[in-house]
Amino acid sequence: ISLTSTGGRIAETAPDAGVDLVADTLTLSAQTGILGLEIAVNRIESAVTTGGNIELRDFDGWKESKLGLSVGTVTTAKNSSTTVTLQAQNNLLMGAASLVRGGTIRLISDQANVQVLTPSSGDSLDYSNGISFKAAHVIDLYRFFNAPDLIEYRAGDYFQFTSGGTTTKVIPTENLTARSIIIETGD
Numbered sequence: 004i005s006l007t008s009t010g011g012r013i014a015e016t017a018p019d020a021g022v023d024l025v026a027d028t029l030t031l032s033a034q035t036g037i038l039g040l041e042i043a044v045n046r047i048e049s050a051v052t053t054g055g056n057i058e059l060r061d062f063d064g065w066k067e068s069k070l071g072l073s074v075g076t077v078t079t080a081k082n083s084s085t086t087v088t089l090q091a092q093n094n095l096l097m098g099a100a101s102l103v104r105g106g107t108i109r110l111i112s113d114q115a116n117v118q119v120l121t122p123s124s125g126d127s128l129d130y131s132n133g134i135s136f137k138a139a140h141v142i143d144l145y146r147f148f149n150a151p152d153l154i155e156y157r158a159g160d161y162f163q164f165t166s167g168g169t170t171t172k173v174i175p176t177e178n179l180t181a182r183s184i185i186i187e188t189g190d
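Structure follows, in structure tokens:
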């Protein structure tokens, strides 16, 4: 499915818990935001807006053959007033070619893991204010992400950081400075 709004936003007309879009892959483009959509997709190829928030929540169907959500490019303006929230019922995966950009980024897995693989180049998470990771089980990242306003890491089991072939479960605790820091693990 591909949806484009050339002068406004893409949003559901009234908040509800029902799935709004069902597809294998999804491409969204809007000028002023992509808001409040419940989706059932395997991959977000792109969700791009020049301003405003992006809020997408993925659900897996009964007997779904591909559980979870794979993320391609999800971007909005990188300033203090924008937030990108990507929430998956199962695994949320960002691959080597993925990019998420916004003022604050929130990556959430309700029942499984959040995994951000080492990007092909640069950083795959591009933000100015805050970063948040929440997973029922494991948060698996290629490095620790710091931010000036919000640093949030909540894992039901544990965190894992892999860089240069070395994996550690230790969060670097020196030089953490933000207006809000939340670190929670079941480990």
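Residues in the sequence shown are numbered consecutively from 4, following our numbering.
We treat Cβ as the ideally placed atom computed from N, Cα and C, and that holds for glycine.
* Which value, in whole angstroms, describes the spacing of the CA atoms of Phe62 and Leu110? -> To locate residue 62, count along the sequence shown from 1; it is residue 59. To locate residue 110, count along the sequence shown from 1; it is residue 107. When rounded, the distance between both Cα atoms is 14 Å.
* Give me the Cβ distance between Ala33 and Thr52, rounded to the nearest whole Å; I'm assuming they're in contact under 8 Å. => As a first step, residue 33 must be located in the sequence shown, where it is residue number 30. As a first step, residue 52 must be located in the sequence shown, where it is residue number 49. Rounded, the Cβ-Cβ distance is 5 Å, consistent with contact.
* Asked: Would DSSP call Ile184 helix, strand or coil?
  -> On the sequence shown, residue 184 is found 181 positions in, with the first residue counted as 1. Of the three classes helix, strand and coil, the one that applies to Ile184 here is strand, per DSSP.
* Tell me whether Tyr161 sits in a helix, a strand or coil according to DSSP, three-state version. => Reading the sequence shown from its first residue, position 158 is the one you call residue 161. Correct three-state label for Tyr161: strand.
* Assess, as a yes-or-no matter, whether the stretch 131-141 is touched by the stretch 80-92 under the definition of 3 or more beta carbon pairs within less than 8 Å. => yes
* Kindly identify the DSSP beta-bridge partner or partners of Ala99. => The sequence position of residue 99 within the sequence shown is 96, counting from 1. Per DSSP, none; premise fails for Ala99.
* Within its chain, find whatever has a CB closer than 6 Å to the CB of Glu41; leave out the 5 residues flanking it on each side and keep chain order. => The residue given as residue 41 occupies position 38 in the sequence shown. For Glu41, where only same-chain residues beyond five positions count, the Cβ hits under 6 Å are Val22, Asp23, Arg60.
* **Own chain, CB closer than 6 Å to Thr7, minus 5 neighbours either side, in chain order** => Mapped onto the sequence shown, residue 7 falls at position 4. Around Thr7: Ser32.
* Measure how close the beta-carbons of Leu96 and Ser73 come, nearest whole angstrom, since I'm counting them as under 8 Å. => Taking the sequence shown and counting its residues from 1, one reaches residue 96 at position 93. Taking the sequence shown and counting its residues from 1, one reaches residue 73 at position 70. With 8 Å as the limit, Leu96 and Ser73 qualify as a contact, their Cβ atoms being about 5 Å apart.
* Within this structure, are the beta carbons of Thr28 and Glu48 separated by less than 8 Å? -> The count along the sequence shown starts at 1 and reaches residue 28 at position 25. The count along the sequence shown starts at 1 and reaches residue 48 at position 45. Going by C-beta atoms, Thr28 is nearer than 8 Å to Glu48.
* To do: Using beta-carbon positions only, say whether Ala91 and Asp113 come within less than 8 Å of one another.
  => Here the question's residue 91 lines up with position 88 in the sequence shown. Here the question's residue 113 lines up with position 110 in the sequence shown. In contact: Ala91 and Asp113 (Cβ atoms closer than 8 Å).
* Thinking Gly107 and Leu153 are a contact (beta carbons under 8 Å), I'd like their distance in whole angstroms, please. => Taking the sequence shown and counting its residues from 1, one reaches residue 107 at position 104. Taking the sequence shown and counting its residues from 1, one reaches residue 153 at position 150. Contrary to the premise, residue 107 reads as Thr rather than Gly in this sequence. Their Cβ separation, rounded to whole angstroms, is 6 Å, which keeps Thr107 and Leu153 in contact under 8 Å.
* To do: Note down, in chain order, each residue of its chain lying with its Cβ closer than 6 Å to the Cβ of Gly36, except the 5 sequence neighbours on either side.
  => If you number the sequence shown from 1, residue 36 lands on position 33. Same-chain partners within the cutoff: Arg12, Thr52, Gly55, Asn56.
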